[in-house]
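Engineer: Encoded as structure tokens, here's the structure I'll be asking about.
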Amino acid sequence: LDIKQQGEVVFEAMGKEPQFNEAPIGIFDAIIGTLSWLDKTFPGGKDDSFLNGAFEDPAEFAKIGKFYATEPMLAINPSTGKYDPDFTPEHGTISLEDWLRKAATQKDGLDDQLEQGAGLASF
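Residue numbers (our numbering): 67 to 189.
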């Protein structure tokens with residue numbers, strides 16, 4: 067499933083009409099750059115810093131978000147040198163589609179993965 071199809075599964079499971087907003091990937095770079103600059107300007111761990119590292123985690127989360135938004139989650143087939151869904155190993159017993167439906171429709175749908183488990187249905 068591509069990222070849009072994943073979103074469609076969640077909207078369908080929640081009984082809502084899909085609504086998406088699109089933005090250029092460069093927005094991640096602007097957010098990452100700004101948060102990184104703020105983190106360097108107002109570093110954490112100092113008692114005299116009124117922000118005390120408030121930008122370190124958000125900057126890292128933005129980097130992770132960009133990674134997942136831009137990198138395919140498929141393995142490269144060495145014989146073709148291309149991303150190949152058939153070459154990508156599968157693990158587990160539940161499909162991504164089924165997992166998304168569970169997370170979207172059951173308040174405790176993620177309890178087995180999160181200590182305080184709040185499925186998407188709690189939002």
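Think of the CB as a built atom: it goes at the ideal place given N, C-alpha and C, for glycine as much as any other residue. Given the structure is predicted, the values throughout are model-derived calculations rather than measurements.
With a cut-off of 8 Å on the beta carbons, I'd call Leu166 and Ala79 a contact; round off their distance for me.
Structural biologist: 7 Å
Engineer: Beta-carbon within less than 6 Å of Gln182's beta-carbon, same chain only, minus the 5 sequence neighbours each way: which residues are those?
Structural biologist: At Gln182, the pLDDT of 45 sits below 50, so the modelled position is not reliable; the number obtained from the coordinates is stated separately. Around Gln182: no qualifying Cβ.
Engineer: Hey, out of Val76, Ile69, Leu101, whose CA is closest to Lys168's CA?
Structural biologist: Val76
Engineer: Determine the extent of the alpha helix (DSSP H) in which Glu122 is found, giving its start and end residues.
Structural biologist: 122-136
Engineer: Among Thr136, Gly158, Thr159, Tyr149, which one has its Cα closest to the Cα of Pro90?
Structural biologist: Thr136
Engineer: Taking 8 Å as the threshold, find out whether the segment 122-138 comes into contact with the segment 94-105 through three or more Cβ pairs.
Structural biologist: yes
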